[in-house]
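Q:
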Amino acid sequence: MNRLYAARRRRNQIAMISSLLATAFGLGWLVLVLGALLWEGFSGLSVAVFTEMTPPPGSAGGLLNPIMGSLILTALAVLIGTPLGVLAGTYMAEYGRYDHLTFVVRFINDILLSAPSIVVGLFIYEVLVAPMGHFSGLAGAVALAVIVIPVVVRTTEDMLLLVPNSLREAAVALGLTRAVVIRRVCYRAARAGMLTGVLLAVARISGETAPLLFTALNNQFWSLDLNAPMASLPVVIFQFALSPYADWQKLAWTGALIITFTVLALSIIARVMAAQGKQT
Amino acid sequence: MGDDGFRLLTRLSAITVLVLLGAIILSLISGALPAFREFGLGFLVEERWNPVTEKFGALAPIYGTLVTSFIAMLIAIPVGILIAVFLTELCPMWLRRPIGIAIELLAGIPSIIYGIWGLFVFAPFLQQTLQPFLINTFGEIPVLSSLFAGPPYGIGVLTASLILAIMVLPFVTSISRDVFEAVPTVLKEAAYGIGCTTWEVVRYVVIPYARVGVIGGVMLGLGRALGETMAVTFVIGNAHRISASILAPGTTISATIANEFTEAVGDLYTSALIALGLILFAITFIVLAIARYMLLRIERRVG
């Protein structure tokens, strides 16, 4: 009896210690990756990074054009993707809550949410780049928008579903139409959560590389032309990191540092906002 | 805007999501058609990939995709579940949120960062430590020796799998934790009441109850691993061949597309790459559909 008891206790201890070790293992990677980024990227951080263009191999330069390109592509993608996503989420949570259509859209949307982003790149290549005959910033922005949409649809629907029905009933009782109730009451109540969704989408796309590789491509020079290839930070990192030149690799690390901390800051802000939204 | 107009607008937007998926599938199929017309279904089982003679086969990338994801899940599933156990049963309350968020941040790091880190930091490290160790330890054992054959390149299938495991870990952990937390406290208290140890409660009460949800989380992670592009592209070595050794360089579907698409000359080459994309999409679609179905089932039971 006592031996059985001891064996059970031992097994429990082994399991608990392994769960502790597993957690340390998981957290260890975070420390290792972020540590390497700071170590390799921080020394390259200077004013020149934000004021100069990407250099030819062997000379000094910065990351101004890819940073600008990333900002433009991201902003445009959010501008295209958000209204569509919000409206679709609105239908699912408000008008068609118990519809068959909503059920199907939710299922498909969840699949789009985790679909491989390189496939999105191929899709935009087929429908935009190939017919237009050349790579363009616009195609890159549309590719990113395709990634934004499912994120926004999901959060909009979730957040609108959290709005208590009594609010809607009170507004309808005042004689407002559904459309006004949704826009003036429900959107306002769910605003923080919906904004969180947009932030998460921005965090998601600002590091995306695969869909840009054959849509926006890359551009060595300063260009704001949406009809021409456009540089972006992730693609430049990809190109520079795989190059044999030491200065390019250095710039790649610096770019990686900038992206990572932007993305992590965005997702932490989104989290804090979501937590506050739930409290009120 | 009137009520009917707004209603129609939202409905059309919802339908656009469906159209989007339809358009993705259609465009991939139409792009892949020339390759399938040329090679038939033999495309799926042909290992050769030769842009010069325009003979293409998808077996090596498909094999690489499946093997890297398999090894990644082999590591990520037990570790992810153990972390979830730690977070729900062992961890002091005040530490649960910070540790949970830290693990989820692993999912927030863009995949290109894992790529650059894998190439410059992780691969050289493996080349000097883990890989020689594996070769020396298993080199003499009959079956395992072929698995760990060849020189330690640093980059290769194993390196890609390990990085994928790190990237998938947060998905397994966060969904497992959520479903573990949804297990009714009464069940756990009853088990503790008859004298179960923490591990026995987890093993015989929590995990059986949460099984469907955990499988859903695992499938979701698998979907991510199968389609992951940038991190793998950096460290897999892009070699179109199937080797028994997991230390050897290989390729995956997504890495092949990322590496070769912009350089592909000729319609057949492009089409073969799009056909690879179609295969990848089909595989991930099935995996993700199963994941959603599983998670839907547990949601219904809980709520």
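Residue numbers (our numbering), protein chains in the order written: chain A, 1 to 280; chain B, 1001 to 1303. Heads up, the beta-carbon is just placed ideally off N, CA and C, and yes, glycines get one too. A quick note: this is a predicted structure, and the numbers were derived from the prediction, not measured.
1) Are the Cβ atoms of Ser-1013(B) and Leu-87(A) separated by less than 7 Å?
2) My guess is that Val-1172(B) and Ile-1081(B) are in contact by the Cβ rule of under 8 Å, so how many angstroms apart are they, rounded?
3) Is Arg-1011(B) buried or exposed, if buried means 16 or more other CB atoms sit within 10 Å of its CB?
4) Run through the DSSP bridge pairs and tell me what Lys-986(B) is partnered with.
5) Within 7 Å (strictly less), CB to CB, does Pro-116(A) reach chain B?
6) Using a 10 Å radius around the Cβ and a threshold of 16 neighbouring Cβ atoms, would you call Gln-276(A) buried or exposed?
7) For a contact meaning CB atoms closer than 8 Å, what does Ala-216(A) contact in chain B?
8) Use the C-beta contact count for Leu-1020(B): other C-beta atoms within 10 angstroms, 16 or more gives buried, fewer gives exposed.
9) Over the uninterrupted alpha helix (DSSP H) stretch that includes Tyr-125(A), give me the two end residues.
10) Is there a Cβ of chain A sitting closer than 7 Å to that of Ile-1274(B), yes or no?
11) DSSP on Asp-99(A), reduced to helix/strand/coil?
12) For Asp-1003(B), report the span of its alpha helix (DSSP H) as first-last.
13) How long is the line joining the alpha carbons of Asn-219(A) and Leu-212(A), rounded to whole angstroms?
14) Could you tell me if the beta carbon of Leu-1247(B) falls within a distance shorter than 6 Å of some heavy atom in the ligand NAP?
15) Using a Cβ-Cβ distance under 7 Å, would Arg-154(A) count as near chain B?
16) Measure the CB-CB distance between Thr-196(A) and Ala-274(A) and report whether it falls below 7 Å.
17) State the start and end residues of the unbroken alpha helix (DSSP H) segment that holds Arg-1096(B).
18) Relative to chain A, which residues along the stretch 1141 to 1152 of chain B have a C-beta separation below 8 Å, given in chain order?
19) Let me confirm a value: Arg-188(A) is counted as buried when at least 16 other C-beta atoms fall within 10 Å, else exposed. Which label applies?
20) If contacts are defined as beta-carbon pairs under 8 Å, then Ala-252(A) and Ile-1116(B) qualify, I think. What distance do you get, rounded to the angstrom?
21) Give me the Cα-Cα distance between Asn-165(A) and Glu-94(A), rounded to the nearest whole angstrom.
22) Grouping DSSP H, G and I as helix and E and B as strand, with all else coil, what is Gly-44(A)?
23) What does Pro-1110(B) touch in chain A if you count any residue whose Cβ is under 8 Å from its own?
24) Taking the straight line between their C-alpha atoms, what separation do you get for Gly-1227(B) and Ile-1257(B)?
25) Can you find a C-beta in chain B that's less than 7 Å from the C-beta of Met-16(A)?
26) How far does the alpha helix (DSSP H) with Gln-239(A) in it reach, from first residue to last?
27) Between which two residues does the alpha helix (DSSP H) containing Asp-1192(B) stretch?
28) Going by beta-carbon coordinates alone, are Ala-1072(B) and Val-1168(B) separated by less than 7 Å?
29) Reducing DSSP to helix, strand and coil, say where Pro-116(A) ends up.
30) Cβ of Ile-1274(B) within 7 Å of Cβ of Leu-122(A)?
31) Assuming Leu-138(A) contacts Leu-71(A) under a Cβ cut-off of 8 Å, what Cβ separation, rounded to an integer in Å, is found between them?
32) Would you kindly work out how many angstroms separate the C-alpha atoms of Ser-267(A) and Ser-1174(B), rounded to a whole number?
33) So is Ser-59(A) buried or exposed if we call it buried at 16+ other beta carbons inside 10 Å?
34) Grouping DSSP H, G and I as helix and E and B as strand, with all else coil, what is Cys-186(A)?
35) Starting from the beta carbon of Asn-227(A), find every residue of chain B whose beta carbon is closer than 9 Å, and list them in chain order.
A: According to the structure shown:
1) yes
2) 7 Å
3) buried
4) Chain B is shown from 1001 up to 1303; residue 986(B) falls before or after that span and cannot be answered.
5) yes
6) exposed
7) Residues of chain B passing the Cβ test: none, with the nearest at roughly 11 Å.
8) buried
9) Segment: none, Tyr-125(A) is in no alpha helix (DSSP H) and carries neither H nor E.
10) yes
11) coil
12) 1003 to 1039
13) 12 Å
14) In the structure shown, the ligand NAP is absent, as is every other ligand, since no ligand is present at all.
15) no
16) yes
17) 1093 to 1108
18) none
19) exposed
20) 6 Å
21) 10 Å
22) helix
23) Ser-206, Gly-207, Glu-208, Thr-209, Pro-234, Ile-259, Thr-260 and Val-263
24) 11 Å
25) yes
26) 233 to 241
27) According to the sequence displayed, residue 1192(B) carries Tyr and not Asp. Its alpha helix (DSSP H) spans residues 1185 to 1193.
28) yes
29) coil
30) yes
31) Incorrect: roughly 15 Å between the Cβ atoms, too far for contact.
32) 16 Å
33) exposed
34) helix
35) Those do not exist, as Asn-227(A) stays about 18 Å from chain B at its closest Cβ, beyond 9 Å.
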